[in-house]
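Colleague: Quick one: this structure, given as structure tokens, is what I'll be asking you about.
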Amino acid sequence: IKTIYFLVDNNRRPMSAAFQVSANMPKTFVGTNLRLGKTGPVRAVAEMNDGSLYQVSQDVKVTVGGCGG
213 IKTIYFLVDN NRRPMSAAFQ VSANMPKTFV GTNLRLGKTG PVRAVAEMND
263 GSLYQVSQDV KVTVGGCGG
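Under the working numbering, think of the first position of the sequence shown as 213, with each following residue one higher.
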């Protein structure tokens, strides 16, 4: 993996975070806090060294006090 992107489709600026991954690390762990404008999908996209992209998506429910169930 070359880069990991976190995207929030329903936000004004969908690109929420990007992490460059070092080839020297056998395992990579990343974490971030995301602000969500409203309920919707949050996507993680992994860009591989050969340019191919892989994506996973999870719907996140936003409640009055913040993100919830």
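Note that the Cβ used here is the ideal one computed from N, Cα and C, for glycine as well.
Looking only at its own chain, which residues have a Cβ that is under 6 Å from the Cβ of Glu259, when we skip the five neighbours before and after it?
Modeller: Lys214, Thr215 and Leu265
Colleague: Extract the residue ranges of the beta strand (DSSP E) inside the segment 227-268, only unbroken runs of 3 or more that lie entirely within it.
Modeller: DSSP runs (the beta strand (DSSP E)) wholly in the segment 227-268: 227-232 and 252-259.
Colleague: Taking Cβ positions, are Ser228 and Phe218 nearer each other than 8 Å?
Modeller: yes
Colleague: Could you tell me whether the Cβ atoms of Arg224 and Gly249 are closer together than 8 Å?
Modeller: Cβ distance < 8 Å, so Arg224 and Gly249 count as in contact.
Colleague: Please report the residue range of the beta strand (DSSP E) in which Ile216 lies.
Modeller: Counting along the chain, the beta strand (DSSP E) containing Ile216 begins and ends at Thr215 to Val220.
Colleague: Sorted by chain position, which residues of the same chain lie with C-beta nearer than 6 Å to Phe231's C-beta, five sequence neighbours on each side aside?
Modeller: Ile216 and Val242
Colleague: So, at 8 Å on beta carbons, what are the nonlocal neighbours of Asn261 in its own chain, with the 5 sequence-adjacent residues on each side left out?
Modeller: Ile213, Lys214 and Ala235
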